[in-house]
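In our numbering, the protein residues as written are 16 to 275.
Take a look at the structure set out below.
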């Protein structure tokens, strides 16, 4: 198998209300073809959708985007918040980010990245006649690992998983849980040609047409692990505090400690 990834250069600074489908389709050098996958940085979608707030409102924006605090850590005068945002994504600052944002502003994640991906894919398919897929990517850290990588936070017309469960491996053993998240793999691979500071927010993946399908395929929201399967719902300090509080309340309910 062989595939290629190329960055789409020459896109202008994105403003609210622009036609992203027309801009992207017009900027691709080699015409798009059936089976191509566009990996689009979430920030240009946020800009097009007007998801911009003043930098001084960043902390309030993080609070507004948060549905659950997972862990916090004080470092000097700053507090890092690892939270679950309203998209179900767990990461630092609910995805509110100042990088590649206009001066004096920060960007929020798109309201519904799957819907944004679907609208972009629909527009590009209409303009080009090519049956393409779209992945919306954003940068996150990973538990227990340094550094960051891009992941898929939105998807349309792309199979986000390659479900290998029930098949056999190279030695004939049955695969019970193997289900690679190809949407995340593509997002991370595309970041290698987009970069963080090169002004290349879109990449085209060619040669993986087997991953492209109808626009009603499950989006990236289906990648988020349900709470009942989450074994790491809290940070260590938060879990300790909750356990201590529960033990204290239980002891109080049982009454004074008897020594005889």
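Just so it is clear, CB atoms sit at the ideal spot from N, CA and C, and this is done for glycine as well.
Query raised in the report: Going by the CB atoms, is the gap between residue 258 and residue 49 shorter than 8 Å?
Result: For this step, residue 49 is matched to residue 34 along the chain shown. For this step, residue 258 is matched to residue 243 along the chain shown. No, they are not a contact pair.
Query raised in the report: With respect to the alpha helix (DSSP H) encompassing residue 69, which residues constitute its N-terminal and C-terminal limits?
Result: Locating residue 69 in the chain shown gives position 54, where the first residue counts as 1. Where residue 69 is concerned, there is no enclosing alpha helix (DSSP H), although the beta strand (DSSP E) it sits in stretches over 67–69.
Query raised in the report: Can residue 40 and residue 139 be called in contact, C-beta distance under 8 Å?
Result: Taking the chain shown and counting its residues from 1, one reaches residue 40 at position 25. Taking the chain shown and counting its residues from 1, one reaches residue 139 at position 124. Yes. Within cutoff.
Query raised in the report: In chain order, what residues of the same chain lie with their CB nearer than 6 Å to the CB of residue 58, ignoring the 5 residues before and after it?
Result: In the chain shown, residue 58 corresponds to position 43, counting from 1. Answer for residue 58: 115 and 122, listed in chain order.
Query raised in the report: Is it the case that the Cβ atoms of residue 47 and residue 217 are separated by a distance below 8 Å?
Result: In the chain shown, counting from the first residue as 1, residue 47 sits at position 32. In the chain shown, counting from the first residue as 1, residue 217 sits at position 202. It is not a contact, given that the beta carbons lie outside the stated cut-off.
Query raised in the report: Got a sec, what are the start and stop residues for the alpha helix (DSSP H) residue 207 sits in?
Result: Mapped onto the chain shown, residue 207 falls at position 192. 197–209 is the extent of the alpha helix (DSSP H) around residue 207.
Query - Limits of the beta strand (DSSP E) - the one that residue 88 falls within - result: Position 73 of the chain shown holds residue 88. Per DSSP, residue 88 belongs to the beta strand (DSSP E) from 81–90.
**Report entry** Secondary structure of residue 268, DSSP reduced to three states
**Finding:** Start at 1 with the first residue of the chain shown, and residue 268 comes out as number 253. If DSSP states are grouped into helix, strand and coil, residue 268 belongs with the helices.
Query raised in the report: Hey, quick one: how far does the beta strand (DSSP E) through residue 112 stretch, first residue to last?
Result: Reading the chain shown from its first residue, position 97 is the one you call residue 112. Run containing residue 112: none; DSSP gives neither H nor E here.
Query raised in the report: Among all the DSSP beta bridges, which residues are the ones paired with residue 160?
Result: Counting from one through the chain shown, the residue named residue 160 turns up at place 145. DSSP, once it has assigned bridges, lists 157 as partnering residue 160.
Query - Three-state secondary structure (DSSP) of residue 186 - result: If you number the chain shown from 1, residue 186 lands on position 171. Looking at residue 186 - three-state DSSP - the assignment turns out to be coil, as it is neither helix nor strand.
Report task. Measure the C-alpha to C-alpha separation of residue 131 and residue 150 and round it to an integer number of angstroms. Result -> Indexing the chain shown from 1 puts residue 131 at position 116. Indexing the chain shown from 1 puts residue 150 at position 135. Roughly 10 Å between the two C-alpha positions.
Query - Among 234, 252 and 220, the one whose alpha carbon lies nearest that of residue 45 - result: Working through the chain shown from its first residue, we reach residue 45 at position 30. Checked all of 234, 252 and 220; the closest Cα to residue 45 is 220.
Requested in this report: Give the C-beta separation of residue 109 and residue 169 to the nearest angstrom, bearing in mind that I take them to be a contact with Cβ-Cβ under 8 Å.
Outcome: In the chain shown, counting from the first residue as 1, residue 109 sits at position 94. In the chain shown, counting from the first residue as 1, residue 169 sits at position 154. Not quite, the Cβ-Cβ distance comes to about 16 Å (not below 8 Å), so this is no contact.
Query raised in the report: If you draw a straight line from the C-alpha of residue 215 to the C-alpha of residue 207, how long is it?
Result: In the chain shown, the residue the question calls residue 215 occupies position 200. In the chain shown, the residue the question calls residue 207 occupies position 192. When rounded, the distance between both Cα atoms is 11 Å.
Query - Residue of 176, 237 and 29 minimising C-alpha distance to residue 200 - result: Taking the first residue of the chain shown as 1, we reach residue 200 at position 185. Nearest C-alpha to residue 200: 176.
Query raised in the report: What residues are listed by DSSP as bridge partners for residue 122?
Result: For the purposes of this step, residue 122 is identified with residue 107 of the chain shown, where counting begins at 1. Paired residue(s): 67 and 112.
Query raised in the report: Any idea if residue 146 is buried or exposed, counting beta-carbon neighbours within 10 angstroms, 16 or more meaning buried?
Result: Numbered from 1 along the chain shown, position 131 holds the residue referred to as residue 146. Buried.
Query raised in the report: For residue 226, which of helix, strand or coil comes out of DSSP?
Result: Here residue 226 is taken as the residue at index 211 of the chain shown, counted from 1. Here residue 226 sits in helix by DSSP.
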